[in-house]
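Okay, so here's the structure we're looking at.
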Amino acid sequence: MTERGSAHWLEAGDWSGLELGELARLVDRTSERELRHRLIGGVREIALREIFRRMPEYLRPARATGFDAVVTWQITGAAGGVHGEGLDEYHLHVADGRCELVPAPPGPPQISVRTDPATLLRIVTGNEDPVTAVLKQRLSVRGDLALAARLTKIFAVGPH
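One gets this note's numbering by counting positions in the sequence shown from 1 and adding 15 to each.
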């Protein structure tokens, strides 16, 4: 187990074996400053890849009834990134009680969420409330806000 404020666990190349509960505890024990410092470069890529690989597992199909949207996640702080803007983009299509990572949608997404990798990791592990992140201006949402408001209900956050 890591000591509070330490983020040596972030250097591990394979997060796929970490249970969400263990990941949530590690994130909780890591200082905000250290989390932000470590989530750059290769570690950032590993973390984002694993977060979005797991997204379909967090969907609550019964609560997603009637939800049909492409959600584009724009993660700030990338070297170069999409269109040289320093963003990495991930597109999730949620429909028919299913969620899948898809290539770029043909048109504009119904919902666009922008945040940094540390805030995203804290939200998906249940260590930060997404509404609080919006109020602190660490997460922004554009598009169909009525659909966007349902995201916190159709996806489980934190250990479940």
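In this text, a Cβ means the ideal position worked out from N, Cα and C, and glycines have one as well.
Taking 8 angstroms as the limit between beta carbons, can you name the residues of its chain near residue i, skipping five residues before and five after?
i, result
"Gly141", "Ala39, Val172, Gly173, Pro174"
"Glu18", "Unreliable placement is indicated for Glu18, whose pLDDT of 43 sits below 50; the coordinate value is still reported in the next sentence. Answer for Glu18: Arg44, listed in chain order."
"Gly101", "Thr91, Gly92, Ala93, Ala94, Gly95"
Taking only three categories from DSSP, how would you classify residue i?
i, result
"Ile138", "helix"
"Thr167", "helix"
"Leu33", "coil"
"Glu115", "strand"
"Leu54", "coil"
"Glu47", "helix"
"Thr147", "helix"
Excluding sequence positions up to five away, which residues of its chain have a Cβ less than 7 angstroms from the Cβ of residue i?
i, result
"Lys168", "Arg78"
Tell me the DSSP bridge mates of residue i?
i, result
"Ser155", "Arg129"
"Asp103", "Ile90"
"Ala62", "None, per the DSSP bridge assignment."
"Leu74", "Phe170"
"Val85", "His108"
Can you check which of these residues, the options, is closest to residue i by C-alpha distance?
i, options, result
"Arg137", "Glu34, Val42, Glu37", "Val42"
"Arg51", "Lys151, Ala164, Gly92", "Gly92"
"Ala148", "Thr134, His108, Gly158", "Thr134"
"Gly36", "Thr87, Val139, Arg64, Pro124", "Val139"
By Cβ distance, which residues of its chain are closer than 6 angstroms to residue i, with the 5 residues on each side in sequence left out?
i, result
"Arg129", "Gln89, Ser155"
"Ala120", "The amino acid occupying residue 120 in the given sequence is Pro; Ala does not appear at that position. Contacts found: Val85, His106."
"Asp83", "Ala110"
"Thr67", "With the sequence shown as reference, residue 67 is identified as Phe, and Thr is not the correct amino acid for it. So the list reads Tyr105, Leu116, once near-sequence residues are dropped."
Hey, is the segment 67-81 in contact with the segment 106-116, meaning 3+ C-beta pairs nearer than 8 angstroms? yes
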